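J.: Chains as they are written, first to last, in the numbering used here: chain A, 1 to 226; chain B, 1 to 446.
The beta carbon of each residue, even a glycine, is placed where N, CA and C say it ideally should be.
Values in this document were obtained by computation on a predicted structure and should not be read as measured data.
Below is the structure I would like to discuss, written out as structure tokens.
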Amino acid sequence: MRILLAEDDETTAAFVVKGLLEHGHVVDHASEGQQALLLSIQENYDILILDRMLPGLDGLSLLKSLRTAGVQSPALFLTALGGINDRVEGLKVADDYLVKPFAFAELYARIGSLLRRPAAIKVDHSLQCGDLTMDLLKRIILRGNREIKLQPTEFRLLEFLLRHKGQVVTRTMLLESVWDFHFDPKTNIVETHISRLRTKLNGNDEPDFLTTVRGAGYVLDEPNHS
Amino acid sequence: MYSMNRIIHSAGFRMMLVYASCFSLSTLLLAVLIFYRLQTSLEEQVRTNIIQEENRLLVDYRQDGLQELLHDIRERVELHDGNDLLYALKDSHGRVLFDQEIAVNETAGWLQTHDAPALLISVKPLQDGYTLYVAEPLENIEELKTVLRNNVLTFLFFTLLFSVAGALLITRRFLRRVDEVTQTSKAIGRHSLSMRLPVSKANDDFDQLAETINAMLERIESLVHEIRHVTNSIAHDLRTPLTRVRQQLEAMSHNNAPTPEDAKHALAMLDETLQTFTAMLQLAELESGTTQQDFSKVCLNNVVESIYEIYLPLAEENDQQLLLNASGNVVVSGNKRLLTQLIVNLLENAIKHSGPGTTLTLSLEPISERQAILSVTDNGVGISAEDSALLFKPFYRGDRSRSTSGSGLGLSIVNAIANLHNAKISLQRLKPGMSVSLTFDIRRVD
């Protein structure tokens, strides 16, 4: 994947570039707004990671210009501006918004989610993972022949995990997308729901599809896949 | 005490001068009006006198001829019966038959002379070419003019004199009060917010102003006090975990083989600091009120029901019973994300602070057409009366040592979100437990 990172803080930039290179991506780094604009028009990036407060041209104006110029690559704002209004404003243009400071695992999971986005938009009537099937129209979940009964929130949780099959989803991503919580709850609500879901999904001696990735989040996948 | 220059330039002095001028001008106008009215009516009286006299003379002339008329005139002049009338008579050739120095060349009509003595003369042509002149002096009117003029001028002079003197006196008093306020305000600005403006017993405009300013000072003083408390709390809440991180990192730097566990430990502490920091920023943003712009219709029943469903498993895990008691369809004007955060914060606070075996109730009930109450009730350990007053203050924590986890900002954020939504927040101490209720205004159907 080709990734553009527009970030003026050298330490943060080096940290992100190093992490992305380790995961086998090609990264171009721009430390200034105009430079980022030129690069993203010339090159065809799979994803844009933009700081909102860039010297020269700020991230928001930069992305607006790019969208006007027809650049459709998914974009993520990486920013210290974390206010409610800042977020709303940023998400009008960008596809995702991550407030500094952040864990690399969080950034990487969100990049993964953005790259998969076109596939996820496609309307599926059913989602699958191994012998686990979710019928979105009839709202029935089957593990083999066994029907699994889920609460509405558990259903949304499983749907989200299935749509991001094979990808790491973080606690924050789950909070925002499944429960619509845009703050950090003080209780381990995510862990509780994941453990409930895991118990319901895995019957007697069936393989566990739901893996916890330490320090990052959760992955739903067939065990022999990974 | 005060220089003339300062008094003259004061607003009070100028206002009083303008007032005095207006008063004098209206007095002058009144005097002029009265004068003209009196003059007209006196002149009218003189005319009537003359016409009556003429008529009497004419009757005699018609009956008894010219000699009788002359006789009549002479008799009247000699008798001088309290009447000031003057007479003259000319024949058809303009020869003067009789004259008290009033004969003029006119042949008919009314005439007024202005050189002293001023006279009103009536000229009446008789048969056979004779002309009769009857006149009355206008000295009464002249006298009236003089008296009025003198009196009005004297009156105006004293009015202006007293106005200026009064204005000077009052302005000095006025300046003294203004100076008190100015001096105290300057002192407050320089030294101490605990000073107050003097309030006299008169309860006049100045006292009311001083009371208003004092109330404002009261609020500012308490805010500054609060800021000091918050600053201390910030220093404590950010420094303590940062110190721990520093110690950890220092230990790691001496250690030849630091383990990932050591680093994770440091990270966890740093994350705690960042959470406090995020909460402080959010609190500041909420209190600035800028998020009020994007309010929309929010169905509180939906929010409450979905939160109930999300927290049911957690309560079960903690061996607590969570009940939902929601009725009606409560739609309010607000920000759904913030309202969710408000209810979650309240519920999590109850879950964390009431122990196992307790019952928590999340309830939403309309109390009238226009209002609904949302409440979180528990039958746990509850809260002491003195703590309940501080519960929604920033950085308050149940334990005094501030050693338990959490930023102590959760309920301040609840309070700020409630304020933003115009919801009244109230706390009830129960035996056992406590209940926090919020009264929301229901949005009208539109």
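How is D86(A) classed by DSSP in three states: helix, strand or coil?
T.: Helix.
J.: If you draw a straight line from the alpha carbon of L89(B) to that of F157(B), how long is it in whole angstroms?
T.: Roughly 50 Å between the two C-alpha positions.
J.: With three or more beta-carbon pairs closer than 8 Å as the criterion, would you say the segment 314 to 331 of chain B touches the segment 148 to 165 of chain A?
T.: Verdict: no, contact absent.
J.: When the Cα atoms are used, what is the spatial distance from V331(B) to A372(B)?
T.: Spanning the two alpha carbons is a distance of roughly 9 Å.
J.: What three-state label does DSSP hand M53(A) in the structure shown?
T.: Coil.
J.: Mapping DSSP to helix, strand and coil, what is T79(A)?
T.: Here T79(A) sits in strand by DSSP.
J.: For Q72(A), does the three-state DSSP call read helix, strand or coil?
T.: Residue state, collapsed to three classes: coil.
J.: Do Q167(A) and V219(A) come within 9 Å of each other at the CB atom, strictly closer than that value?
T.: Their beta carbons are under 9 Å apart, which means V219(A) touches Q167(A) by this criterion.
J.: Applying a beta-carbon distance threshold of less than 7 Å, which residues of chain B neighbour R196(A)?
T.: Here the neighbours are P313.
J.: Can you say whether G144(A) is buried or exposed, counting buried as having 16 or more other CB atoms within 10 angstroms of its CB?
T.: The residue is exposed, with fewer than 16 neighbouring Cβ atoms inside 10 Å.
J.: Look up N422(B) in the DSSP assignment and give the residues it is bridged to.
T.: None, per the DSSP bridge assignment.
J.: Could you name the residues that DSSP lists as bridge partners for G109(B)?
T.: V123(B), per the DSSP bridge assignment.
J.: List the residues that DSSP assigns as beta-bridge partners of M195(B).
T.: The partner list for M195(B) (beta bridge, DSSP) is empty, contrary to what the question assumes.
J.: S200(B) and E221(B): beta carbons closer than 9 Å?
T.: Cβ atoms of S200(B) and E221(B): not closer than 9 Å.
J.: So for D271(B), helix, strand or coil by DSSP?
T.: Note: D271(B) maps to helix in three-state DSSP.
J.: Out of D135(A), D205(A), E159(A), which one is the CA nearest neighbour of I194(A)?
T.: For I194(A), the nearest C-alpha among the options comes from E159(A).
J.: With respect to the alpha helix (DSSP H) encompassing S327(B), which residues constitute its N-terminal and C-terminal limits?
T.: Taken as a continuous stretch (DSSP letters only), S327(B) belongs to no alpha helix (DSSP H), as it is neither H nor E.
J.: So, under 8 Å CB-CB, S437(B) and S426(B) are touching, yes? Tell me the CB distance rounded to an integer number of Å.
T.: S437(B) to S426(B), Cβ: 5 Å. Contact.
J.: Where does the unbroken alpha helix (DSSP H) through I188(B) begin, and where does it stop?
T.: Taken as a continuous stretch (DSSP letters only), the alpha helix (DSSP H) holding I188(B) covers 139 to 190.
J.: Between S405(B) and Q208(B), what straight-line distance do the alpha-carbon atoms span, to the nearest angstrom?
T.: Since pLDDT at S405(B) reaches only 49, below the 50 mark, its modelled position is unreliable, and no value is offered.
J.: Taking Cβ positions only, does L438(B) come closer than 9 Å to chain A?
T.: No, because no Cβ of chain A sits closer than 9 Å to the Cβ of L438(B).
J.: Between the alpha carbons of G189(B) and M216(B), how many angstroms are there, rounded?
T.: Cα-Cα distance, rounded: 13 Å.
J.: Between the C-alpha atoms of T340(B) and V376(B), what's the straight-line distance to the nearest angstrom?
T.: So the alpha carbons of these two residues sit roughly 13 Å apart.
J.: Quick one: what's got a C-beta closer than 7 Å to L70(B)'s C-beta in the same chain, skipping five residues either side?
T.: Hits under 7 Å: L89, L97, F98.
J.: Are any of the Cβ atoms in chain A nearer than 9 Å to that of T361(B)?
T.: False, the Cβ-Cβ gap to chain A never drops below 9 Å.
J.: Is the segment 269 to 289 of chain B touching the segment 75 to 85 of chain A in the sense that three or more CB pairs, one from each, lie closer than 8 Å?
T.: Touching, yes.
J.: Would you decide whether R52(A) is buried or exposed? Buried here means 16 or more other CB atoms lie within 10 Å of its CB.
T.: Under this definition R52(A) is a buried residue.
J.: What does the alpha-carbon distance come out to for the pair S401(B) and A279(B)?
T.: Interpretation of S401(B) is limited by its pLDDT of 44, a score under 50 that renders its predicted location unreliable; no figure is taken from the coordinates.
J.: Give me the chain A residues within the contact set of E221(B), using Cβ-Cβ distance strictly less than 9 Å, ordered along the chain.
T.: Those within 9 Å of E221(B) in chain A number zero; the least Cβ separation is about 30 Å.
J.: Please classify Y108(A): is it buried, with 16 or more other beta-carbons within 10 angstroms of its beta-carbon, or exposed?
T.: Looking at its Cβ environment, which holds 16 or more other Cβ atoms inside 10 Å, Y108(A) is buried.
J.: Starting from the beta carbon of T449(B), find every residue of chain A whose beta carbon is closer than 7 Å, and list them in chain order.
T.: There is no way to answer for residue 449(B), as the model of chain B reaches only from 1 to 446.
J.: Which of helix, strand or coil does DSSP assign to R139(A)?
T.: Three-state result, R139(A): coil.
J.: Hey, quick one: how far does the alpha helix (DSSP H) through G33(A) stretch, first residue to last?
T.: Unbroken alpha helix (DSSP H) run through G33(A): 33 to 42.
J.: Closest Cβ-Cβ distance between N85(A) and chain B: below 9 Å?
T.: Closer than 9 Å to some Cβ of chain B, the Cβ of N85(A) qualifies, so yes.
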